[in-house]
Amino acid sequence: MLKDKLVLLVDDEPGMLVATKAGLTERGFKVEAAEGAEQAMTAIKSLNPSIVVSDLVMPGTNGFELFQEVRKQADFKSLPFVFLTGIDDYYARKFGKEIGGAAYITKPVDLDELEQIIKEKIGE
Numbered sequence: 828m829l830k831d832k833l834v835l836l837v838d839d840e841p842g843m844l845v846a847t848k849a850g851l852t853e854r855g856f857k858v859e860a861a862e863g864a865e866q867a868m869t870a871i872k873s874l875n876p877s878i879v880v881s882d883l884v885m886p887g888t889n890g891f892e893l894f895q896e897v898r899k900q901a902d903f904k905s906l907p908f909v910f911l912t913g914i915d916d917y918y919a920r921k922f923g924k925e926i927g928g929a930a931y932i933t934k935p936v937d938l939d940e941l942e943q944i945i946k947e948k949i950g951e
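What follows is the structure, given as structure tokens:
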């Protein structure tokens, strides 16, 4: 059941969070949002999401750094991470895959694509 699975959205743009959260909620996902990496770390520890969809470019800690911080936590070593970014860069995409990201998709968000990736990664 999708309702048993929690998607954590991480982005420093409130408008992006609201729009993506609304789109995924309409598609049957349970969604929480975090504005930035610091909020995301707290949310990951307290909510234990099934998957994280994180922006890459954020002030302070970026999405790659957040991923690496999360991976240091024993409980979250296999937590799927989808990188979502406005940067369609070959090297960033390659690096995201190399460090273990589940997927790398570019903004504007294609909700059909994001829904498909989430379902694949959390076993729906």
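For the sequence shown, this note's numbering assigns the number 828 to the initial residue and increments by one for each residue that follows.
Don't be surprised by glycine CBs; every beta carbon is placed ideally from N, CA and C.
By the 10 Å Cβ neighbour count, where 16 or more other Cβ atoms means buried, how is residue i classified, buried or exposed?
i, result
"ILE926", "exposed"
"GLY890", "buried"
"ASP838", "buried"
"ALA929", "buried"
"ALA861", "buried"
"TYR917", "exposed"
"PRO876", "buried"
According to DSSP, which residues form a beta bridge with residue i?
i, result
"LYS857", "LEU833"
Identify the continuous beta strand (DSSP E) that holds residue i and give its terminal residues.
i, result
"ILE878", "878-882"
"LEU911", "908-912"
"THR869", "Counting along the chain, THR869 falls outside any beta strand (DSSP E), though it belongs to the alpha helix (DSSP H) covering 864-874."
"ALA930", "930-933"
Round the Cβ separation of residue i and residue j to the nearest angstrom and send it over; I've been treating them as touching at under 8 Å.
i, j, result
"LEU874", "LEU835", "7 Å"
"ILE949", "LYS832", "5 Å"
Considering just the uninterrupted stretch of the alpha helix (DSSP H) at residue i, what are its terminal residues?
i, result
"VAL897", "890-898"
"PHE922", "917-925"
"ILE944", "938-948"
Does the beta carbon of residue i come closer than 8 Å to any beta carbon on chain B?
i, result
"LEU851", "In the structure shown, chain B does not exist; there is a single protein chain."
With three or more C-beta pairs closer than 8 Å as the rule, is the stretch 908-916 touching the stretch 852-867? no
Given 8 Å as the limit, is there contact between the stretch 841-849 and the stretch 868-875, that is, 3 or more CB pairs closer than that? no
Indicate whether the contact test is met: 3 or more Cβ pairs, each with one atom in the stretch 935-951 and one in the stretch 875-882, closer than 8 Å. yes
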